[in-house]
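What follows is a short report on a single structure.
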């Protein structure tokens with residue numbers, strides 16, 4: 200993830216005062232969460248927003264970097280993504296995961312983003328996703344340049360796309376509150392204690 204930014208709703212009061220968090224451009228998802236995603240999906244075929252350091256943990260069959268630009272590639276199979284959180288890139292990666300899933304190229308995906316339910320890009324995810332896990336507490340992201348790593352000043356959410364929202368919920372319930380997407384009329388998923 201690069202250029203950490205709290206995406207403010209441009210129409211919300213105080214939107215002009217959104218705080219930008221920049222400097223370190225890379226923050227990595229701790230291995231625990233990657234392993235949970237692998238347990239849900241069985242494997243990770245594509246990581247479209249990555250780098251060689253992150254791949255030591257993710258171990259995707261195919262990964263794209265800022266230089267190889269995953270936005271202009273097709274994403275086949277099972278996708279893990281912790282996209283760049285910058286205002287200019289997050290909407291593009293959100294639109295791309297929806298496009299790849301709805302096309303059938305992506306058969307299952309778990310993406311990790313800020314809990315920005317007031318944004319247009321998050322609303323786009325809601326329309327196609329099968330489930331969500333809103334984290335209890337903040338994820339202690341790892342940094343290659345900071346000894347103590349770091350966290351974001353807001354909560355995160357894992358968004359699941361695929362046919363097994365119950366499996367997703369059963370595995371991710373330990374880290375947050377899991378629920379079905381609004382487009383799914385089945386009963387609610389497990390909630391974390």
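Residue numbers (the numbering used here): 200 to 392.
All residues carry an ideal CB built from backbone N, CA and C; glycine is no exception.
{"Query": "Report, in whole angstroms, the separation of the C-beta atoms of residue 306 and residue 328, which I expect to be a contact under 8 Å.", "Result": "Not confirmed; about 14 Å, so no contact."}
{"Query": "Measuring CB to CB, does residue 300 end up less than 8 Å from residue 248?", "Result": "no"}
{"Query": "Rounding to the nearest angstrom, what Cα-Cα distance links residue 235 and residue 244 in this structure?", "Result": "15 Å"}
{"Query": "What separation, rounded to the nearest whole angstrom, lies between the Cα atoms of residue 286 and residue 325?", "Result": "18 Å"}
{"Query": "If residue 319 and residue 290 are in contact, beta carbons under 8 Å, what's the gap, nearest whole angstrom?", "Result": "7 Å"}
{"Query": "Less than 7 Å between the CB of residue 268 and some heavy atom of the ligand GTP, yes or no?", "Result": "The ligand GTP is not among the ligands present in this structure, which contains no ligands whatsoever."}
{"Query": "Cα separation between residue 266 and residue 251?", "Result": "12 Å"}
{"Query": "Measure the C-alpha to C-alpha separation of residue 366 and residue 271 and round it to an integer number of angstroms.", "Result": "30 Å"}
{"Query": "My output table needs one value for residue 340: the three-state DSSP class, helix, strand or coil.", "Result": "strand"}
{"Query": "Taking only the alpha-carbon atoms, compute the straight-line gap between residue 380 and residue 255 and give it to the nearest angstrom.", "Result": "31 Å"}
{"Query": "Suppose contacts are defined by Cβ-Cβ distances below 8 Å. Is residue 331 in contact with residue 378 by that definition?", "Result": "yes"}
{"Query": "Along the chain, which unbroken stretches of the beta strand (DSSP E) at least 3 residues long are found entirely within the region 235 to 319?", "Result": "276 to 280, 305 to 313"}
{"Query": "With a CB to CB cut of under 7 Å and the five nearest residues on each side skipped, what residues in its chain are close to residue 213?", "Result": "At residue 213 the pLDDT is 35, less than 50, meaning the model places this residue with poor confidence; the figure from the coordinates comes in the next sentence. Result list for residue 213: empty, nothing under 7 Å."}
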